[in-house]
Amino acid sequence: MTEMPAPKPSKKLFIKTYGCQMNVYDSDRMADALAPHGYETTGAIEEADLVVLNTCHIREKASEKVFSELGRLREMRAARRAAGGDMMIGVAGCVAQAEGEEIVRRAPVVDLVFGPQAYHRLPELIGRAHNGAAVVDTDFPEEDKFEHLPAARREVTVKRGLTAFLTVQEGCDKFCSFCVVPYTRGAETSRPVEQVLAEARNLAAAGVREITLLGQNVNAYHGLDAAGRTIGLGELCHRLAAIPGLARLRYTTSHPIDMADDLIAAHRDLDALMPYLHLPVQSGSDTILKAMNRRHTRAQYMDVIARIRAARPDIALSGDFIVGFPGETDADFEDTLSIVREVGYASAFTFKYSPRPGTPGAGLGDQVPEPVKAERLERLQALVTAQTRAFAEACVGRTLDVLLERPGRMPGQLGGRSPYLQAVHVEAPEALIGTLQPVLITATGNNSITGKIVTGMEPNSASVVESVASVA
Ligand code: 5AD
Ligand code: SF4
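Printed below as a string of structure tokens:
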């Protein structure tokens, strides 16, 4: 890692992040990589010397948004140049990786195109872009970019608050037939254990109390430790949970076939590991699961859920679902509705299938017509919304640990998160920000729940853990 004495910031950097939390993490690392070169982040695009769009390619809408944003930036830069100033424009992330040169062809306003494996080379790429012609870097290098990127910096993370993301794994070898990730993020790799622990210690020392481990296939994590052993995510969670100050761990996103026994056991054994798991199944139909190349059946998914619930009865689940994959019949879609009812999700993300160029799904016949997709999405969404509401209502009367993070909406209130990532509002003095408190949930609102602190009760005590009935 190259640490230079930081010069006085003289340039402003504006990063707009699209897509998943991995992009949020990457945007922060880009800012960290540029700080030693005089760049300071700004929230005001009008004053930026460098604008980076950190893009997402997972669905069509996500990439189209980037091109319309580039249209706006072209006008903004023209105005800036007319006034004697300038602005550099970069496109990063998965659209950059997938489209490369094509972006410059379609939007010549772009100076810089670079994929997720090139972030540590950003200062050098900017230097080259100053020479005129657009610079495109979408190589998958041999070297480990994390070795060259500054780890999450202390002073930066303090500003970010009590929770932080930490990427531990990148890329994917599963090749689900609808998904671009294996092409844009490349083969699956895991960061070495010591690198992850060092970054986590750094975050904890800066006051971070909750870390979410990130990876496209995070539960496929297999990092080398200092003793030369390969360890999985369960063991990594054990080592992270031992770091003083870290109260909570989460991880996302997982694939059902990688829910190893030791990871499931970690949910039983570690209080710090939150009882909330994002475990996408995508469809409830075995025919569609096969066509999606998901490598498991509905019954196998249900078996994984049963084992997790046996280990950690208060666990709640969230998921991702795609409607309208090529060949999906009404009966297949009914199977998706029925698996949602059978599992009972606390929350779920629902998507219309969007053919991604270069993926096997895009070439399949029997694409589902748009109005059919729209109708299915609406029905699934209604079911999922009802489940989320029912889950929140089932929390009323329970005592949940809440990490108090910030002043609330009303004076005298604080806002925080439950183990299930619900926003919670509670009457409490500001001195309690940064602490975990047992909160008796008394009511549900539109997007949050409210409650009161239960005095004389230790957070994380066994009596706090109650069983959650699944909601249908
Ligand atoms: N069309 C629609 N949804 C998709 N996802 C991934 N690729 C596609 C696609 N081509 C969804 C999946 C995945 C989530 C991150 O995005 O549900 O789990
Ligand atoms: Fe995409 Fe996830 Fe499938 Fe990998 S496992 S191909 S990231 S949906």
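At position 28 of the sequence shown (counting the first as 1) the number is 28 in full-length UniProt numbering, and the numbers step up by one without a gap.
Positions of the beta carbon are idealized from the N, C-alpha and C atoms, including for glycine.
What you are looking at is a predicted structure, and each value in this text was computed from that prediction instead of being measured.
Query, Result
"Here's the rule: buried if 16 or more other CB atoms are within 10 angstroms of the residue's CB, otherwise exposed. What is proline 326?", "buried"
"Between tyrosine 183 and ligand 1, is there a pair consisting of the residue's CB and a ligand heavy atom that are separated by less than 7 Å?", "no"
"Determine which residues share a DSSP beta bridge with tyrosine 276 and list them.", "Ala316"
"Is the beta carbon of tyrosine 18 within less than 7 Å of some heavy atom of ligand 1?", "no"
"Which residue wins for smallest C-alpha separation from phenylalanine 114, given the options Glu102, Gly90 and Gly344?", "Gly90"
"Sorted by chain position, which residues of the same chain lie with C-beta nearer than 7 Å to serine 354's C-beta, five sequence neighbours on each side aside?", "Arg59 and Glu60"
"Name the DSSP bridge partner or partners of alanine 92?", "Asn54 and Phe114"
"Nearest to arginine 389 by alpha carbon, out of Pro357, Asp366 and Gly344?", "Gly344"
"If asparagine 217 and aspartate 269 are in contact, beta carbons under 8 Å, what's the gap, nearest whole angstrom?", "Contact flag wrong, Cβ pair sits at about 23 Å."
"What does a CB cutoff of less than 7 Å around proline 459 pick up in its chain, not counting 5 residues either side in sequence?", "Asp401, Leu436, Gln437 and Pro438"
"In terms of alpha-carbon separation, which member of Ala241, Glu334 and Leu403 lies closest to residue 506?", "Outside the shown range of the chain (1 to 472) lies residue 506, about which nothing can therefore be said."
"Could you work out which residue in Arg376, Ala291 and Arg106 is closest to serine 177 when comparing CA atoms only?", "Ala291"
"Does DSSP put glutamate 328 in a helix, in a strand, or in coil?", "coil"
"Going along the chain, which residues put their C-beta within less than 7 Å of some heavy atom in ligand 1?", "Cys20, Ile58, Arg59, Phe178, Cys179, Val180, Thr253, Pro280, Gln282, Asp320, Phe321, Ile322, Phe349, Phe351, Lys352, Tyr353, Ser354, Pro355, Arg356, Thr359 and Gly361"
"Report all residues from its chain with a CB closer than 6 Å to the CB of methionine 457; omit the five preceding and five following residues, and keep chain order.", "Pro438"
"I want to know whether the region 371-381 touches the region 64-82 - three or more CB-CB distances under 8 Å.", "no"
"From glycine 19 to cysteine 56, what does the alpha carbon distance come to, in whole angstroms?", "5 Å"
"So, under 8 Å CB-CB, valine 109 and leucine 53 are touching, yes? Tell me the CB distance rounded to an integer number of Å.", "Not a contact, Cβ separation roughly 11 Å."
"Please name the residue in Leu224, Ala204, Ala205 and Ala133 whose C-alpha comes closest to that of serine 190.", "Leu224"
"Report the option in Met302, Thr41 and Ile308 whose CA atom is closest to the CA atom of proline 275.", "Ile308"
"With threonine 184 as the anchor, note down where its alpha helix (DSSP H) starts and where it stops.", "181-184"
"Can you tell me whether aspartate 137 is helix, strand or coil according to DSSP?", "strand"
"What are the start and end residues of each continuous alpha helix (DSSP H) run of 4 or more residues lying completely inside the region 12-75, in chain order?", "21-34"
"Is it the case that the Cβ atoms of proline 233 and leucine 263 are separated by a distance below 8 Å?", "Note on identity: in this sequence residue 233 is leucine, with proline being the wrong assignment. In contact: leucine 233 and leucine 263 (Cβ atoms closer than 8 Å)."
"Bridge partners for threonine 167 per DSSP, in chain order?", "Leu214"
"So what's phenylalanine 391 in DSSP terms, helix, strand or just coil?", "helix"
"Output needed for glycine 161: all residues of its chain with C-beta closer than 7 Å, excluding positions within five of it in sequence on either side, in chain order.", "Glu405"
"Assign tyrosine 251 to one of three DSSP states: helix, strand, or coil.", "strand"
"What do you reckon, is the C-beta of glutamine 413 under 7 Å from a heavy atom of ligand 2?", "no"
"Using CA atoms only, rank isn't needed, just tell me which of Leu377, Cys172 and Ile315 is closest to phenylalanine 349.", "Leu377"
"Please indicate yes or no: does the CB of asparagine 217 lie closer than 7 Å to some heavy atom of ligand 2?", "yes"
"Tell me which same chain residues have a C-beta within less than 8 Å of the C-beta of phenylalanine 67, skipping the five on either side of it?", "Arg106 and Ala107"
"According to DSSP, simplified to helix, strand and coil, what is histidine 425?", "strand"
"Among residues of its own chain, excluding the 5 on either side of valine 168, which ones have a beta-carbon nearer than 6 Å to its beta-carbon?", "Arg191, Val196, Leu213, Gly215 and Tyr221"
"With DSSP run on the structure shown, which of helix, strand or coil describes isoleucine 433?", "coil"
"Should histidine 278 and threonine 253 be called a contact, given that it needs their Cβ atoms to be closer than 8 Å?", "yes"
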